Amino acid sequence: MFRYMISFNYEAPTGIGFMTFELPCKRQLRSMADVSKIMNDLRSQGYINAVVLGFSLFADPTPAPAPQAAS
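Numbering of the sequence shown is given in this note's numbering, commencing with residue 58 and proceeding in unit increments.
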């Protein structure tokens with residue numbers, strides 16, 4: 058699972074609104090088509106003219122090695 062921080066702006070009643078949120082994805086974002094899908098999802102949720110400004114992949118810490126059985 059990949060986790061992204063998404064930043065976007067949208068038209069608000071008082072001007073321009075800015076928001077960020079965490080987005081879990083089953084696959085990496087790789088193309089403008091992926092970003093366009095996020096923008097369309099935001100717009101369908103009521104964010105007028107939402108535009109993704111940027112995104113960043115969270116780095117998961119490397120898992121600790123499994124303990125070895127004592128010999």
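Beta carbons are placed, not taken as given, at the ideal position from N, Cα and C, and that holds for glycine.
Computed from a predicted structure; not experimentally measured.
- The residues Tyr67, Glu68, Arg100, in chain order, have a CB closer than 8 Å to that of Asn106 in the same chain once the five nearest residues on each side in sequence are set aside.
- Ser64: member of the beta strand (DSSP E) spanning 59-69, first to last residue.
- Between Ile63 and Phe112, the C-beta spacing is below 8 Å.
- The C-beta of Phe65 has 16 or more other C-beta atoms within 10 Å across all chains shown, which makes the residue buried.
- According to DSSP, Met96 shares a beta bridge with no other residue.
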